[in-house]
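Colleague: Residue 40 in the UniProt record's numbering sits at position 39 of the sequence shown, with consecutive numbering throughout.
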Amino acid sequence: MRIILLGPPGAGKGTQAQFISKEFDIPQISTGDMLRAAIKEGSELGKQAEGIMNAGGLVSDELIINLVKERISKPDCANGCILDGFPRTIPQAQALADADVAIDHVVEISVPDDEIVKRLSGRRQHPGSGRVYHVDHNPPKQDGVDDVTGEALIQREDDKESTIRERLATYHQQTSALVGFYQDKAKEGENAPKYDKFDGTQAIDEVKNQVLSALRS
Ligand code: AP5
Ligand code: ZN
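(1) Assuming I83 contacts L6 under a Cβ cut-off of 8 Å, what Cβ separation, rounded to an integer in Å, is found between them?
(2) What is the residue span of the beta strand (DSSP E) that K161 lies within?
(3) Mind the definition here: the stretch 137-145 touches the stretch 157-172 only if three or more C-beta pairs lie below 8 Å; say whether that holds.
(4) One question on the structure: do A38 and I66 come within less than 8 Å of each other, judged by their Cβ atoms?
(5) Taking buried to mean at least 16 other C-beta atoms within 10 Å of its own C-beta, is T90 buried or exposed?
(6) When the Cα of A18 is compared with those of G181, R132, T150, D185, which residue comes out closest?
(7) How far does the beta strand (DSSP E) with L7 in it extend, from its first residue to its last?
(8) Which residues in the same chain have their Cβ closer than 7 Å to the Cβ of K209, if we skip the five residues on either side of it in sequence?
(9) In terms of residues, what are the limits of the alpha helix (DSSP H) holding F25?
(10) Indicate the three-state DSSP secondary structure (helix, strand or coil) for L84 in the structure shown.
(11) I need the straight-line Cα distance from A178 to D185, nearest angstrom please.
(12) Any contact of the stretch 121-129 with the stretch 145-159, i.e. 3+ C-beta pairs under 8 Å?
(13) Could you tell me which whole alpha helix (DSSP H) segments of length 4 or greater appear in the stretch 43-76?
(14) Taking one C-beta from the stretch 36-56 and one from the stretch 194-214 each time, how about it: are there three or more such pairs within less than 8 Å?
(15) Over what stretch of residues does the alpha helix (DSSP H) that includes R132 continue unbroken?
(16) Which of the three DSSP states is assigned to E116 in this structure?
(17) Thinking C-beta only, is I30 closer than 8 Å to V69?
(18) Taking the C-alpha atoms as reference points, what is the distance between I196 and N80?
(19) In the DSSP assignment, find the unbroken beta strand (DSSP E) run with Y196 in it and report its ends.
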């Protein structure tokens, strides 16, 4: 099963991807996590991406498309994958379609802008695995420490309020058009991807139950 998670920054894509990955035993492919890993490594890709990410913009379509194509051709994606944060522009979605990468389900998670700013300031992440927590809504068992590895959690560079606002503006300008793109595709008939929209302001478990039940059906 191949799934696209669509939604603004902080909607809960990464949070729900972790549940879906466990339930269906398919990997989460987060382009954001891949880029952050590249920055940490100091690779050429990381150098090109860092300034853009910290300013709340988008890395070039060409770089991202190549990165994703390479990743989804790996053996662990044989039974499917969860695309978290990709595609994010019409050209990226078109590149998937042109490469005949069939999508089974598009999951949109919707959250209003003002809620997102509040939410992202409380996010903490384990940099090694990408696991996400929230100081109030999904706290780790021990303050500031990852549940699985016991390593320290960090706050993301782009979770400053001014950058969050830029990321939201970028979402509305360049990514929200994908809602119409995939809603139209879903009407194309038998092999078309299903499209479902979820209210991401509900509690994490409630969103999880609704998403998993839609994916099972
Ligand atoms: P990326 O890492 O994808 O960031 P994003 O889309 O801005 O999304 P986030 O990771 O911030 O949010 P999320 O929806 O995953 O929410 P989460 O589950 O963490 O991309 C970063 C940057 O990389 C981009 O800005 C861009 O520069 C670049 N990039 C990436 N992909 C690209 C592409 N395809 N093309 C070009 N550039 C690209 O949840 C957020 C917080 O809320 C957590 O603390 C969580 O615990 C909490 N939470 C989650 N759900 C709930 C709930 N229901 N109730 C209360 N709290 C909740
Ligand atoms: Zn994420």
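Note that CB positions come from ideal geometry on N, CA and C, so glycine has one too.
Modeller: Let me lay it out:
(1) 6 Å
(2) Note, K161: premise wrong, no beta strand (DSSP E); not H, not E.
(3) no
(4) no
(5) buried
(6) Ranked by how close their Cα comes to the Cα of A18, the residues G181, R132, T150, D185 have R132 in first place.
(7) 3-7
(8) So the qualifying residues of the chain are Q17, F20.
(9) 14-25
(10) strand
(11) 11 Å
(12) yes
(13) 45-55, 62-73
(14) No: fewer than three Cβ pairs fall under 8 Å.
(15) Run containing R132: none; DSSP gives neither H nor E here.
(16) helix
(17) yes
(18) Residue identity check: residue 196 is Tyr in the sequence provided, not Ile. So the two alpha carbons sit approximately 20 Å from each other.
(19) Taken as a continuous stretch (DSSP letters only), the beta strand (DSSP E) holding Y196 covers 195-200.
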